[in-house]
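Numbering (the UniProt record's numbering), first residue to last: 1 to 258.
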């Protein structure tokens, strides 16, 4: 594959000069949202509005539009009401995606996905589990001043049949449109050669900011080996996944820093 393991510069972000200027923009968005903050006071907190502003380069117009779309989706989908007991085939899904009980070296939460493990549920149920995890990540990062989630996706053994294109596209849409400003970096490990053609298609659906956050890591690269060994060492601390672990996650046990 032609991807290089290297850090990519973050896209230019128009950061307000002061906390007072940030608050002024937050207040402006509140006014533009009309009655929505009264309808959804828990969701439309200052922290949420700040996150959307940050994700939309501090444009009040773009942040307001994105928040209106998100509140409409939340009103219909009700993601805050999803519970572990309602997840279809939760034991297998928990093997495909989980939130470890460790943080990365910068104190950021980690979200692990294993797309090579084929889902046994419908696309609708798969997306429901994704949203369940995103809501958990959102809860623990609500007051973060910057993107704070490290998304690691291990493609060892992956095949095109493992991940339907439509499912990938819908997942990216949910993450980028309804949970912007969460992902700090997306690490794709060990993608097979066949993944290159898949990636060329998927890349079209990535927003510029998300695309800049994607990094590819390969086990036969010395720098990659160091990174992955560190992650595997932390994963051993986490231990093997069990049903009890999944229930612990559903009880929103906060990860411990390694």
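Just so it is clear, CB atoms sit at the ideal spot from N, CA and C, and this is done for glycine as well.
Model, not experiment: these values are computed from the prediction.
Check: Sheet register partners of residue 210 (DSSP bridge); Outcome: The partner list for residue 210 (beta bridge, DSSP) is empty, contrary to what the question assumes.
Check: Residue 198 versus residue 90 - alpha carbon distance; Outcome: 27 Å
Check: Which listed residue (104, 194, 64, 136) has its alpha carbon closest to that of residue 31; Outcome: 64
Check: Close beta carbons around residue 129, own chain, < 6 Å, minus the five adjacent residues each side; Outcome: 87, 93
Check: Environment of residue 126 [buried if 16+ CB atoms lie within 10 Å]; Outcome: buried
Check: Limits of the beta strand (DSSP E) - the one that residue 151 falls within; Outcome: 149 to 154
Check: Residue from 43, 207, 185, 78 whose Cα sits closest to the Cα of residue 169; Outcome: 207
Check: Span separating the alpha-carbon of residue 36 from that of residue 219; Outcome: 48 Å
Check: Cα-Cα separation between residue 22 and residue 50, rounded to whole angstroms; Outcome: 8 Å
Check: Close beta carbons around residue 143, own chain, < 8 Å, minus the five adjacent residues each side; Outcome: 47
Check: Residue from 133, 177, 67, 210 whose Cα sits closest to the Cα of residue 44; Outcome: 67
Check: From 181, 217, 77, 133, residue whose alpha carbon lies closest to that of residue 147; Outcome: 181
Check: C-beta contact flag for residue 112 and residue 132 at 9 Å; Outcome: no
Check: Supposed close pair residue 192, residue 158 - CB separation, criterion 8 Å; Outcome: 6 Å
Check: Euclidean distance between Cα positions of residue 77 and residue 177; Outcome: 14 Å
Check: Within 9 Å, strictly: CB atoms of residue 156 and residue 189; Outcome: yes
Check: Where residue 97 falls: helix, strand or coil (DSSP); Outcome: strand
Check: First and last residue of the uninterrupted beta strand (DSSP E) at residue 188; Outcome: 183 to 189
Check: Unbroken alpha helix (DSSP H) run spanning residue 43, endpoints; Outcome: First-last for residue 43: undefined, no H or E at that position.
Check: Range of the contiguous beta strand (DSSP E) that encloses residue 111; Outcome: 109 to 113
Check: Residue closest to residue 123, alpha-carbon to alpha-carbon, out of 164, 85, 117; Outcome: 164
Check: DSSP state of residue 82 mapped onto helix, strand, coil; Outcome: coil
Check: Option nearest residue 59 by Cα separation, candidates 196, 24, 186; Outcome: 24
Check: Rounded Cβ spacing between residue 203 and residue 211 (contact assumed at less than 8 Å); Outcome: 7 Å
Check: Inter-residue spacing [alpha-carbon to alpha-carbon] between residue 84 and residue 145; Outcome: 29 Å
Check: Distance between residue 166 and residue 205 (C-alpha atoms, nearest Å); Outcome: 11 Å
Check: Beta-carbon proximity list for residue 186, same chain, < 6 Å, skipping 5 on both sides; Outcome: 151, 213, 214
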